[in-house]
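Below is one structure, written out as structure tokens; the observations come after it.
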Amino acid sequence: MTGFSKFLTFGLTAAMTLSTAHAGAPQCPTRDALERGRSAYVAYPDGSVVALRLLGDGKVQETTRFDDHVGEFRMVSLGGVFIADEVDLSGERVEESSRITTSYPADLAKRLPLRPEQEFTLVAENSFADGTPPEQELVEVRTGDESEIEIAGCRFRAFPVLLTYRWGDDHFTSMMTHLPGLGLSLELARVDPAAEPEPFAPVLFSLERP
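Under mature numbering (1 follows the signal peptide of the UniProt record, and there is no 0), residues -23 to -1, 1 to 187 are what the sequence shown spells out, in order.
Have a look at this one:
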């Protein structure tokens, strides 16, 4: 089994494993609700909750909160996939010194929104608000076939996205499922070079805040 096939298997398993774990009927996110300014909430087994909100122009704001309020952060992604801005949060206060801004080649716009069965590589540059010198990273992108899957009791058309980030001698890979009807992506697994993929499935995906 290839690395990509392995991630497809792990990712889709993660998407469906806990599809009935949340009691009661979920208020499944819809594009109409998101375009009217509502957020979609994703809850994971570790207690984290991610609020996803459409910003327009294909941008998505993703705010991650934890039960103990430690390590919380906010990101803005392009196409629901490519992180363009990331900053730590202390309650509602933004920790500006932690901000990382990522720039991408202009031709990335021609590849968005992502589609099934794509494969390409690009070079991104990270800029750090704390004065750390800018850093380049190679981003390898692969997408799979579109199908219908169930996520925490909600059914969507989706396709897997595999992102591998490389900088210096380091790299890590993120496995997501992209929901083109919503313009959002949910991370389902992450792996570093020394580990096997460890999938984690949402226990809630809803317009209602958990």
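Beta carbons are placed, not taken as given, at the ideal position from N, Cα and C, and that holds for glycine. For clarity, every value in this text was computed on a predicted model and none was experimentally measured.
- With respect to the C-alpha of Trp144, the residue from Val53, Pro170, Leu159 and Met152 having the closest C-alpha is Pro170.
- Between Val58 and the set Val19, Leu163, Val180 and Val168, the nearest pair of CA atoms involves Leu163.
- Under the three-state reduction of DSSP output, Arg186 falls in the coil class, being neither helix nor strand.
- Scanning its chain for C-beta atoms nearer than 8 Å, with the 5 sequence neighbours on each side dropped, one finds around Thr98 the residues Leu115, Val116, Glu117 and Val118, in chain order.
- The C-beta of Gly14 has fewer than 16 other C-beta atoms within 10 Å across all chains shown, which makes the residue exposed.
- Take the alpha-carbon of Ala20 and the one of Pro187: they are about 8 Å apart.
- For Arg15, there is no enclosing beta strand (DSSP E), as DSSP gives it neither H nor E.
- Here DSSP, grouped into helix, strand and coil, assigns Asp84 to helix.
- Collapsing the DSSP output to three states places Arg30 in a strand.
- It is roughly 17 Å from the alpha-carbon of Thr120 to the alpha-carbon of Leu159.
- In this structure Phe149 is in contact with Val168, their Cβ atoms being roughly 7 Å apart against a cut-off of 8 Å.
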